[in-house]
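Below: the structure, in structure tokens.
2 protein chains.
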Amino acid sequence: MSKRTRVIRQKTAKIADVARLAGVSVATVSRTLARPEVVIEETRTRVLAAVRDTGYTPNISARNLRVRKTMVVLVAVPDIANPFFAEVLQGIDDTLSAAGYGLIIANLAGSPEKEARYVDLVCAGQADGVLLLCGHVMRSPDRDLRDAGVPLVAACEYIPRESFPQVTINNVDTAREAVRHLVELGHTSIAYLSGPNFNILEQQRLEGYRQALHDAGIATDASLILPGDFTFRTGVEAGRTLLALKPASRPTALFAANDEMAIGLIKTARAAGLQIPDDLSVVGFDGIAYADYCEPTLTTIVQPRRDLGATAAAELIALMTNGRTEPQKDIKLPAMLMLRDSTRPPRRSG
Amino acid sequence: MSKRTRVIRQKTAKIADVARLAGVSVATVSRTLARPEVVIEETRTRVLAAVRDTGYTPNISARNLRVRKTMVVLVAVPDIANPFFAEVLQGIDDTLSAAGYGLIIANLAGSPEKEARYVDLVCAGQADGVLLLCGHVMRSPDRDLRDAGVPLVAACEYIPRESFPQVTINNVDTAREAVRHLVELGHTSIAYLSGPNFNILEQQRLEGYRQALHDAGIATDASLILPGDFTFRTGVEAGRTLLALKPASRPTALFAANDEMAIGLIKTARAAGLQIPDDLSVVGFDGIAYADYCEPTLTTIVQPRRDLGATAAAELIALMTNGRTEPQKDIKLPAMLMLRDSTRPPRRSG
DNA sequence: ACATCAAATGTAATCGATTACATGCTAACT
DNA sequence: AGTTAGCATGTAATCGATTACATTTGATGT
Chain Y
11 MSKRTRVIRQ KTAKIADVAR LAGVSVATVS RTLARPEVVI EETRTRVLAA
61 VRDTGYTPNI SARNLRVRKT MVVLVAVPDI ANPFFAEVLQ GIDDTLSAAG
111 YGLIIANLAG SPEKEARYVD LVCAGQADGV LLLCGHVMRS PDRDLRDAGV
161 PLVAACEYIP RESFPQVTIN NVDTAREAVR HLVELGHTSI AYLSGPNFNI
211 LEQQRLEGYR QALHDAGIAT DASLILPGDF TFRTGVEAGR TLLALKPASR
261 PTALFAANDE MAIGLIKTAR AAGLQIPDDL SVVGFDGIAY ADYCEPTLTT
311 IVQPRRDLGA TAAAELIALM TNGRTEPQKD IKLPAMLMLR DSTRPPRRSG
Chain L
11 MSKRTRVIRQ KTAKIADVAR LAGVSVATVS RTLARPEVVI EETRTRVLAA
61 VRDTGYTPNI SARNLRVRKT MVVLVAVPDI ANPFFAEVLQ GIDDTLSAAG
111 YGLIIANLAG SPEKEARYVD LVCAGQADGV LLLCGHVMRS PDRDLRDAGV
161 PLVAACEYIP RESFPQVTIN NVDTAREAVR HLVELGHTSI AYLSGPNFNI
211 LEQQRLEGYR QALHDAGIAT DASLILPGDF TFRTGVEAGR TLLALKPASR
261 PTALFAANDE MAIGLIKTAR AAGLQIPDDL SVVGFDGIAY ADYCEPTLTT
311 IVQPRRDLGA TAAAELIALM TNGRTEPQKD IKLPAMLMLR DSTRPPRRSG
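Protein sequences, first through last, are from chains Y and L. The working numbering numbers the first residue of the first sequence as 11 and each following residue consecutively. The working numbering numbers the first residue of the second sequence as 11 and each following residue consecutively.
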């Protein structure tokens with residue numbers, strides 16, 4: 011074997027090098043690359059050959075400086091380890107990267123310092139737009155994202171009283187549908203496992219739960235509303251709370267504000283000998299992949315995760331390119347009740 | 011309510027504006043911000059006040075152009091929806107963003123076009139370094155990442171015959187430990203559920219399986235090596251294969267090359283009436299969060315996911331700042347066998 | 001009082017691309 | 001032939017910050 015020879019990378023070629031090699035001016039090189047149709051055939055081939063020979067790639071900082079763009083968008087996500095957001099991100103990534111945008115993922119992780127850093131980043135002109143999946147407009151101690159002068163779009167979590175486009179599902183109606191499903195199966199004692207109560211999604215899903223009960227003429231029982239915070243752990247805790255009730259007063263069904271809590275609750279209930287769905291029907295919300303892996307498979311509201319991301323991204327692109335600022339565009343995507351094995355009529359149905 | 015008045019954001023202040031307002035030169039402003047100790051107290055306060063008044067933030071494209079840095083690193087991940095990588099990413103994000111770096115997440119998703127786009131991005135000087143979680147050095151049709159002139163670091167998946175730092179766990183020894191656990195419980199018929207066979211992780215884990223059997227004096231039985239590709243779906247398929255065997259010739263234990271497959275297999279086996287772990291012990295690999303949620307909870311190899319990410323990021327930072335190029339730094343992090351409920355001695359142990 | 005030096009600040013070149021405007025050239029029309 | 005239109009290309013300003021080098025200022029030593 012001969013030693014592998016590798017060309018040492020000298021300072022990367024710049025446009026002037028290409029121009030010199032092709033025997034034209036830098037302007038011509040730039041034009042050839044940007045709008046090939048305006049230079050004549052012969053020049054074009056000479057320039058393109060020179061580009062190839064030198065291995066030239068435009069320096070993006072220089073271009074950005076000149077045209078005042080970055081071709082980067084920042085995506086603010088509450089928690090990157092949450093599988094729901096991971097799938098939304100895929101949709102965003104597909105759309106954005108196909109349009110030539112890079113994306114910076116701002117994993118807020120509940121840290122105001124991180125949030126502030128990202129706000130400053132955007133204010134410093136490091137991004138052409140921002141996608142908010144986090145339910146609020148990001149802030150730093152002395153700046154607000156709205157003043158950064160870049161387009162914003164929110165998705166997944168609706169942010170009230172804002173004038174930028176938002177892409178969400180109708181949480182109220184969908185939650186209502188989930189609970190109606192339980193009602194139609196014959197359940198009359200239906201618990202609700204909530205999210206953190208400041209959260210807008212939680213508020214909307216709770217409202218849907220209330221409406222469905224009201225529709226069915228069932229009184230809301232405050233003791234059937236269990237506190238949670240969207241994590242598996244609080245699902246487990248809610249399960250214990252439920253088990254502590256004596257069987258007669260135990261609800262026969264439960265609607266959880268998200269899948270992870272539903273799964274935690276089911277696990278606890280089963281470990282204590284409760285049959286799911288026979289003793290307790292459970293409906294989740296989100297439609298994460300795991301809802302179809304667990305046992306029993308979880309009846310849940312499937313959100314169009316990829317599509318939420320893709321639609322929001324497309325909206326942002328429109329805003330960044332047209333600068334169009336259609337006031338208060340509020341896009342609702344359809345979510346679907348997916349019937350699986352965790353629900354059935356109550357044992358002794360009316 | 012009076013109409014909310016918002017200051018219209020005119021073109022963001024530039025350094026010259028600050029200089030004018032403070033009555034100094036642009037050089038002084040720049041210095042005040044970069045090395046406050048070199049300007050005298052009085053100037054410094056004047057400049058800082060002007061910075062505050064104008065809301066000045068440096069234009070990063072301009073700075074990057076000048077200092078030839080981007081303060082961005084690109085992270086190549088095979089699949090952003092995979093929970094394992096999501097947690098590695100958290101570790102990366104923590105370390106990198108604390109050091110002031112932004113990160114661009116390159117979600118390869120098996121698409122050569124995307125991969126090529128990202129390679130070009132890096133070659134165009136859009137990143138100061140690259141973190142490879144994807145098991146290979148990225149390529150575009152006409153370029154190779156190694157020629158981009160930026161530091162590389164690999165993590166999670168070892169890339170053979172490369173001279174950049176790599177941060178991984180010892181897959182061979184760890185897989186061996188997992189299988190030894192089964193052996194020590196008394197199992198002698200142990201199946202292996204594999205990953206895709208071109209994958210380096212798969213090769214190493216298979217090797218560990220082989221070694222453990224060899225250590226125990228058990229002959230490797232090719233019919234006990236089931237094909238898989240790291241997805242839940244192939245776990246389900248492998249479960250069916252297993253069920254098709256007549257009970258006498260069925261293995262009493264199985265080692266899966268990752269958790270998702272193990273979980274799929276368990277689900278299928280249980281649905282068919284097999285008791286886990288009584289009829290079949292199962293060990294997984296990775297330690298994803300769900301391994302502790304499923305039923306039964308999964309005995310598995312827990313990888314230090316956050317730490318893998320954080321260590322690799324720290325290594326890359328060292329490389330980017332010192333330019334130090336310590337040859338072939340090969341960091342192995344400890345992984346741990348986590349005993350849970352999916353393993354136990356075989357029914358009729360020797 | 002003058003030379004010398006250090007500290008503080010200013011001047012202007014520089015990073016690499018884009019693009020408005022200027023120029024040169026050819027072809028077409030009167 | 002002379003004018004003009006229009007195309008292809010070149011010249012040079014520009015984006016906004018950093019920083020080597022130049023200049024000013026004041027203090028110190030003799």
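Positions of the beta carbon are idealized from the N, C-alpha and C atoms, including for glycine.
Cβ neighbour criterion (16 or more within 10 Å) applied to residue i
i, result
"T278 of chain L", "buried"
"E305 of chain Y", "buried"
"G110 of chain L", "exposed"
"G294 of chain L", "buried"
"D5 of chain L", "Any question about residue 5 of chain L goes unanswered here, given that chain L covers just 11 to 360."
"T321 of chain L", "buried"
"S352 of chain L", "buried"
"K256 of chain Y", "exposed"
"Q338 of chain L", "exposed"
"R357 of chain Y", "exposed"
"F174 of chain Y", "buried"
"E123 of chain Y", "exposed"
"S291 of chain L", "buried"
"T244 of chain Y", "buried"
"T80 of chain Y", "buried"
"G192 of chain L", "According to the sequence as given, residue 192 of chain L is Leu; it is not Gly. Per the 10 Å Cβ criterion, buried."
"N332 of chain L", "exposed"
Boundaries (first-last residue) of the beta strand (DSSP E) holding residue i
i, result
"D340 of chain L", "340–343"
"A114 of chain Y", "Looking at the sequence provided, one finds Ile at residue 114 of chain Y rather than Ala. Segment 112–117, the beta strand (DSSP E) holding I114 of chain Y."
"I84 of chain Y", "Rather than Ile, the amino acid found at residue 84 of chain Y in this sequence is Leu. 82–87 is the span of the beta strand (DSSP E), which, as asked, contains L84 of chain Y."
"Y219 of chain L", "Element bounds for Y219 of chain L: not the beta strand (DSSP E) but the alpha helix (DSSP H), 210–225."
"G294 of chain Y", "291–296"
"L264 of chain L", "263–266"
Distance cut-off 7 Å: residue i Cβ against heavy atoms of the ligand GDP
i, result
"R153 of chain L", "With respect to small molecules bound, the structure shown includes none, and the ligand GDP cannot be examined in it."
Residue span of the alpha helix (DSSP H) that contains residue i, given as start and end
i, result
"A26 of chain L", "25–32"
"Y383 of chain L", "This structure does not reach residue 383 of chain L, given that chain L is present from 11 up to 360, and the question cannot be answered."
"A322 of chain L", "315–332"
"G139 of chain Y", "No alpha helix (DSSP H) contains G139 of chain Y, which is instead part of the beta strand (DSSP E) from 139–142."
"A72 of chain L", "70–77"
"N104 of chain L", "Note on identity: in this sequence residue 104 of chain L is Asp, with Asn being the wrong assignment. 93–108 is the span of the alpha helix (DSSP H), which, as asked, contains D104 of chain L."
"A59 of chain L", "51–64"
"I254 of chain Y", "Note that residue 254 of chain Y corresponds to Ala in the displayed sequence, not to Ile. Counting along the chain, the alpha helix (DSSP H) containing A254 of chain Y begins and ends at 242–254."
"E270 of chain Y", "269–281"
"V48 of chain Y", "Unbroken run through V48 of chain Y: none, as it is neither H nor E."
"A299 of chain L", "A299 of chain L -> no alpha helix (DSSP H), and no H or E assigned at all."
Bridge partners - residue i, DSSP secondary structure assignment
i, result
"V177 of chain Y", "Y:A165, Y:I341"
"M346 of chain L", "L:V312"
"L236 of chain Y", "Y:L203"
"S150 of chain Y", "Y:R153"
"A158 of chain Y", "Looking at the DSSP assignment, A158 of chain Y forms no beta bridge with any residue, so it has no partner."
Open item on the list: So, does the segment 143–157 of chain L touch the segment 255–263 of chain L, judging by three or more C-beta pairs under 8 Å?
Closed with: no
- Task: Note down, in chain order, all residues in the segment 300–334 of chain Y with a beta-carbon under 8 Å from any beta-carbon belonging to chain L.
- Result: Y300, Y303, C304, E305
Cβ contact check for the segment 282–292 of chain L and the segment 204–220 of chain L: 3 or more pairs under 8 Å:
no
With three or more beta-carbon pairs closer than 8 Å as the criterion, would you say the segment 70–90 of chain L touches the segment 87–107 of chain Y?
yes
query: Going along the chain, which residues of the segment 115–141 of chain L sit with their C-beta nearer than 7 Å to a C-beta in chain Y?
result: I115, N117, K124, R127, D130, L131, C133, A134, G135, Q136
Of all the residues that make up the segment 92–107 of chain Y, which are near chain L by a beta-carbon distance shorter than 7 Å? P93, A96, E97, L99, Q100, D103, S107
Within 7 Å of chain Y by C-beta, residues of the segment 233–265 of chain L in sequence order = F242
Assess, as a yes-or-no matter, whether the segment 221–240 of chain Y is touched by the segment 182–192 of chain Y under the definition of 3 or more beta carbon pairs within less than 8 Å.
yes
Stretch-stretch touch, CB-based, cutoff 8 Å, three pairs: the segment 62–80 of chain L with the segment 74–81 of chain Y
yes
Review point. Looking at chain L, which residues of the segment 63–77 of chain Y have a Cβ within less than 7 Å of any of its Cβ atoms?
Key: T67, P68, N69, I70, S71, A72, N74, L75
*the segment 163–171 of chain Y / the segment 139–152 of chain Y touching (three or more Cβ pairs under 8 Å)*: yes
Problem - Residues, ordered as in the chain, of the segment 31–49 of chain L that lie near chain Y by beta-carbon distance below 7 Å - result: none
Kindly confirm or deny that the segment 228–241 of chain Y and the segment 190–202 of chain Y touch, where touching means at least three C-beta pairs closer than 8 Å. yes
Where the segment 279–295 of chain L meets chain Y: residues whose CB sits under 9 Å from a CB there: R280, A281
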